[in-house]
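A.B. asks: In the numbering used here, the protein residues as written are -18 to 133.
(1) I need the boundaries of the alpha helix (DSSP H) containing residue 92, first residue and last residue.
(2) Taking only three categories from DSSP, how would you classify residue 107?
(3) Can you tell me the Cα-Cα spacing of residue 148 and residue 107, whole angstroms?
(4) Assuming residue 89 and residue 99 make a contact with CB atoms under 8 Å, what is their CB distance in whole Å?
(5) Just to confirm, are residue 68 and residue 105 a CB contact at a threshold of 8 Å?
(6) With a Cβ-Cβ cutoff of 8 Å, do residue 37 and residue 102 count as a contact?
(7) I'd like the span of the alpha helix (DSSP H) that includes residue 75, first residue to last.
(8) Candidates 120, 74, 122 and 92: which alpha carbon is nearest residue 51's?
(9) With C-beta atoms as the reference, is residue 70 less than 8 Å away from residue 42?
(10) Have a look at residue 24 and residue 66 and give me their C-alpha separation to the nearest angstrom.
(11) Counting along the chain, where does the alpha helix (DSSP H) carrying residue 50 start and finish?
(12) Where does residue 122 land, buried or exposed, given buried means 16+ other C-beta within 10 angstroms?
(13) Residues in its own chain within less than 7 Å of residue 27 by CB, not counting five upstream and five downstream?
(14) Using a threshold of 8 Å, state whether the C-beta atoms of residue 115 and residue 84 are closer than that.
(15) Roughly how many whole angstroms lie between the Cα atoms of residue 10 and residue 16?
(16) Can you find the residues in the same chain that come closer than 6 Å, C-beta to C-beta, to residue 74, ignoring five residues on each side of it along the sequence?
In structure tokens form, the structure reads like this:
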């Protein structure tokens, strides 16, 4: 309930800061989104970038486990780790915190590791993920209204 209230408050604050939204502006945003995701010349690039990002996340999770001394077999990396990371994208928490840790604690014993090792690996992955996002977040805060340029 608290998470829903925080999300609602954030949405209201963002909408008030952005100003009124016209139907034309909403249509323009939707058209740009569809073009950036599903246009004929773009969707293959988007699919490859998505696959590459997912693969990097799986490998990063495995590296976090290795850094903590948890031996994760390759079969577990390709089967269990994607399930753990999928729990992270469910829109029930902020940044996947809690869901990812719960999934790791439940799924790590499947390949012989302990629940605490799964929890520790997941927390390490979350902290590494947070650390990788901070530089971009700082740039966004420094120039919140910077013009966005791109292909048209």
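For every residue, glycine included, the Cβ atom is placed at its ideal position computed from N, Cα and C.
C.D. replies: On the basis of the supplied data:
(1) Here residue 92 is taken as the residue at index 111 of the chain shown, counted from 1. No alpha helix (DSSP H) contains residue 92, which DSSP labels as neither H nor E.
(2) By 1-based counting over the chain shown, the position of residue 107 is 126. Secondary structure of residue 107 (DSSP, three-state): helix.
(3) Nothing can be reported for residue 148, as the shown portion of the chain is limited to -18 through 133.
(4) For the purposes of this step, residue 89 is identified with residue 108 of the chain shown, where counting begins at 1. For the purposes of this step, residue 99 is identified with residue 118 of the chain shown, where counting begins at 1. Residue 89 to residue 99, Cβ: 3 Å. Contact.
(5) Along the chain shown, one-based indexing puts residue 68 at 87. Along the chain shown, one-based indexing puts residue 105 at 124. No; because the gap between Cβ atoms is not below 8 Å, this pair is not in contact.
(6) Position 56 of the chain shown, counted from the first residue, corresponds to residue 37. Position 121 of the chain shown, counted from the first residue, corresponds to residue 102. Cβ distance not < 8 Å, so residue 37 and residue 102 don't count as in contact.
(7) For the purposes of this step, residue 75 is taken as residue 94 along the chain shown, with counting starting at 1. Counting along the chain, residue 75 falls outside any alpha helix (DSSP H), and DSSP gives it neither H nor E.
(8) For the purposes of this step, residue 51 is taken as the residue at position 70 of the chain shown. Checking every option, the nearest Cα to that of residue 51 belongs to 92.
(9) Here residue 70 corresponds to residue number 89 of the chain shown, with the count starting at 1. Here residue 42 corresponds to residue number 61 of the chain shown, with the count starting at 1. Not closer than 8 Å, so no.
(10) Reading the chain shown from its first residue, position 43 is the one you call residue 24. Reading the chain shown from its first residue, position 85 is the one you call residue 66. Near 23 Å, if we compare the C-alpha coordinates of residue 66 and residue 24.
(11) Against the chain shown, residue 50 aligns to sequence position 69. Where residue 50 is concerned, there is no enclosing alpha helix (DSSP H), given that its DSSP letter is neither H nor E.
(12) For this step, residue 122 is matched to residue 141 along the chain shown. Exposed.
(13) Taking the chain shown and counting its residues from 1, the one referred to as residue 27 is at position 46. Correct list, in chain order: 18.
(14) Taking the chain shown and counting its residues from 1, the one referred to as residue 115 is at position 134. Taking the chain shown and counting its residues from 1, the one referred to as residue 84 is at position 103. No.
(15) Position 29 of the chain shown holds residue 10. Position 35 of the chain shown holds residue 16. Distance between the alpha carbons of residue 10 and residue 16 is about 10 Å.
(16) Within the chain shown, the letter at position 93 stands for residue 74. Answer for residue 74: 80, listed in chain order.
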